[in-house]
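Asks:
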Amino acid sequence: SAVISQKPSRDICQRGTSLTIQCQVDSQVTMMFWYRQQPGQSLTLIATANQGSEATYESGFVIDKFPISRPNLTFSTLTVSNMSPEDSSIYLCSVDGQADEQYFGPGTRLTVT
Amino acid sequence: GENVEQHPSTLSVQEGDSAVIKCTYSDSASNYFPWYKQELGKGPQLIIDIRSNVGEKKDQRIAVTLNKTAKHFSLHITETQPEDSAVYFCAASYTDKLIFGTGTRLQVFP
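Respectively, the protein sequence lines represent chains Z and R.
Here my numbering is used: position 43 in the first sequence is 43, and no number is missing along the way.
Every number in my numbering is 113 more than the matching position in the second sequence, counting from 1.
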């Protein structure tokens, strides 16, 4: 399985500001996914990012709020824009493996005050 | 779209006992069913998975069963140990995505 790192591991941000989260994988992958996990909850897919194309967003998530970049096959960023306390969550990236498998990074724990 | 239900939400067992977590899915086209373990402060870890052409799969103390007709699948952990304590998530494939269950918090008491 791939080794995935995320930066930052945690952050405390003021409302109205933006934070960019980085996801780095140690091998080339086709698909990268961004999830949100609110405290004590399950994982909700924000968007799917393929290299060389626009990210595909799930219902309830929009590009203006969560812009995503995928400049190459090993890296992606998710920006949480104009943050409010409701954006306090764990943000997880994952990558596809062989045949539908997904492997997750350690997550970024975001607190918005 | 796909919906995945997971039960129970919490499960407490004595060390050495077995634990069973059950999930049901709604989309008959789903063909891949992974299970993840999430420890406190960490990302989910893939621990076992099963595909729709298989009814059961085992890996040491953990096993997963799939009933395609009833659209449910289960995780079985035998001889539980305190280090099995974590939140477990089931998931089902839906197009090129995974839809996750609501999670089960397993506590194993020594």
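We put the CB at the ideal spot given by N, CA and C, even for glycine.
Beta carbon of R/D140, beta carbon of Z/T48: below 9 Å?
Replies: For R/D140 and Z/T48, no; Cβs fall outside 9 Å.
Asks: Any C-beta of chain Z sitting closer than 9 Å to the C-beta of R/K210?
Replies: Yes, because at least one Cβ of chain Z sits closer than 9 Å to the Cβ of R/K210.
Asks: Is it true that the segment 67-82 of chain Z meets the segment 116-124 of chain R, where meeting means three or more beta-carbon pairs spaced less than 8 Å apart?
Replies: Touching, no, given that fewer than three Cβ pairs across the two stretches are closer than 8 Å.
Asks: Can you pull out the residues from the segment 26-53 of chain Z whose beta carbon lies closer than 9 Å to at least one beta carbon of chain R?
Replies: Flagged, chain order: M31, F33, Y35, Q37, G40, Q41, S42, L43, T44, L45, T48.
Asks: Show which residues of chain Z have a CB atom less than 7 Å away from the CB atom of R/F186.
Replies: Under the 7 Å cutoff, chain Z gives no residues; its nearest Cβ is about 14 Å from R/F186.
Asks: For the segment 143-166 of chain R, list every residue whose C-beta sits within 9 Å of some C-beta in chain Z, in sequence order.
Replies: So the close ones are N144, Y145, P147, Y149, Q151, G154, K155, G156, P157, Q158, L159, D162, R164.
Asks: Going along the chain, which residues of its own chain have a beta-carbon closer than 7 Å to the beta-carbon of R/G168, five neighbours each way excluded?
Replies: Hits under 7 Å: T178, L179.
Asks: Counting Cβ pairs, one atom from each stretch, are 3 or more of them under 8 Å apart for the segment 65-73 of chain Z and the segment 124-134 of chain R?
Replies: Contact between the segment 65-73 of chain Z and the segment 124-134 of chain R is absent, because fewer than three Cβ pairs lie under 8 Å.
Asks: For Z/D100, which three-state DSSP category applies?
Replies: Looking at Z/D100 - three-state DSSP - the assignment turns out to be coil, as it is neither helix nor strand.
Asks: Name, please, each residue of chain R whose Cβ falls closer than 9 Å to the Cβ of Z/D100.
Replies: Chain R residues near Z/D100: N144, Y145, P147, D162, R164, S206, D209, L211.
Asks: Which residues of the segment 73-88 of chain Z have a Cβ closer than 8 Å to any Cβ of chain R? Give them in chain order.
Replies: Flagged: no residues at all.
Asks: For R/P147, count the other beta carbons within 10 Å of its own beta carbon; 16 or more makes it buried, fewer makes it exposed. Which is it?
Replies: So R/P147 counts as buried.
Asks: Assuming Z/F104 contacts Z/S94 (C-beta within less than 8 Å), just tell me the rounded distance between them.
Replies: With 8 Å as the limit, Z/F104 and Z/S94 qualify as a contact, their Cβ atoms being about 5 Å apart.
Asks: Taking Z/S1 as the reference, give the member of Z/I12, Z/G16, Z/S9, Z/S27 with the closest Cα.
Replies: If we check each option's Cα against that of Z/S1, Z/S27 comes out closest.
Asks: Relative to the C-alpha of Z/G40, which candidate in R/S206, R/I212, R/V221, R/A199 has its C-alpha closest?
Replies: That would be R/A199, whose Cα lies nearest to the Cα of Z/G40.
Asks: Under 8 Å between beta-carbons, which chain R residues line up against Z/Y103? List them in chain order, please.
Replies: L159, listed in chain order.
Asks: Could you name the residues of the same chain whose beta carbon sits closer than 8 Å to that of Z/G107, not counting the 5 residues immediately before and after it, in chain order?
Replies: Correct list, in chain order: Q6, S9, Q37, I90, Y91, L92.
Asks: So within the segment 57-107 of chain Z, which uninterrupted beta strand (DSSP E) runs reach at least 3 residues, ignoring any that extend past its ends?
Replies: Complete beta strand (DSSP E) runs here, min 3: 68-72, 75-80, 89-96, 102-104.
Asks: Any Cβ of chain R within less than 9 Å of the Cβ of Z/P106?
Replies: It does: the Cβ of Z/P106 has a partner Cβ on chain R nearer than 9 Å.
Asks: Mapping DSSP to helix, strand and coil, what is R/P147?
Replies: If DSSP states are grouped into helix, strand and coil, R/P147 belongs with the strands.
Asks: Enumerate in chain order the residues of its own chain whose CB-to-CB distance from Z/P85 is below 6 Å, with the five nearest sequence positions on each side excluded.
Replies: Excluding sequence neighbours, Z/P85 sits near V112.
Asks: Return yes when the Cβ of R/S206 is within less than 9 Å of the Cβ of R/N144, no when it is not.
Replies: Yes; because the gap between Cβ atoms is below 9 Å, this pair is in contact.
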